[in-house]
Amino acid sequence: MRLEKLLDFLKSNPNDTFILFALAKEYEKMGDDTHAGIYYQKLLEIDEKYVGAYYHLGKLQERTGDAPTAFTTYKKGMQIARQIGDDHAYSELAGAKLNLGDDEDFE
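Per the numbering used here, the very first residue in the sequence shown carries number 1; after that it's consecutive.
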């Protein structure tokens, strides 16, 4: 029901980042990581400064066994967070990245 409403909203607002984020979270709740990832990616293509999406996408990538991509996602999110002055998001992303390892682990 909620998913259907969000998809209907998306039809009339295809670039609405809030709707894209809500769809990604809804698919995650349903256990559909593939669709969740698609919507996180689309969201970041539209607005690379939607810094919260990097954390959620990275966690999804970790959960699906793609640690190297998650590491890269966290690094990109950290760069964006630093650019826009979002210290809270930066520290959350840095913590998630640190839990995966350091740069040498992913070269």
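Positions of the beta carbon are idealized from the N, C-alpha and C atoms, including for glycine. All of these numbers come straight from a predicted model, not from anything done at the bench.
Classify residue i as buried or exposed, calling it buried when 16 or more other Cβ atoms lie within 10 Å of its own Cβ.
i	result
Glu28	buried
Tyr4	According to the sequence displayed, residue 4 carries Glu and not Tyr. Classification for Glu4: exposed.
Leu58	Reading the sequence as shown, one finds Gly at residue 58 and not Leu. Buried, by the Cβ-count rule.
Might you give, ordered along the chain, the residues of its own chain that have their beta carbon closer than 8 Å to the beta carbon of residue i, omitting 5 neighbours on each side?
i	result
Phe9	Asp16, Ile19
Ile46	Asn15, Thr17, Leu20
Leu6	Ile19, Ala22, Leu23, Glu26
Arg82	Tyr90
Met30	Leu3
Kindly give me the distance between the Cβ atoms of residue i and residue j, rounded to whole angstroms, as I take these residues to be in contact under 8 Å.
i	j	result
Ala96	Tyr55	6 Å
Ala53	Leu60	With a Cβ gap of about 10 Å, Ala53 and Leu60 do not count as contacting.
Leu100	Ala67	6 Å
Would the beta-carbon of residue i fall within 8 Å of that of residue j?
i	j	result
Met78	Leu93	yes
Ile80	Glu48	yes
Asp32	Arg63	no
Who are the near neighbours of residue i in its chain, counting only those whose CB is closer than 7 Å to its CB and skipping five residues on each side?
i	result
Asp86	Val51
Arg2	Glu26
Lys76	Tyr54
Beta-carbon within less than 6 Å of residue i's beta-carbon, same chain only, minus the 5 sequence neighbours each way: which residues are those?
i	result
Lys11	none
Point to revise | At least three beta-carbon pairs within less than 8 Å, the stretch 31-38 to the stretch 70-85 | key: no
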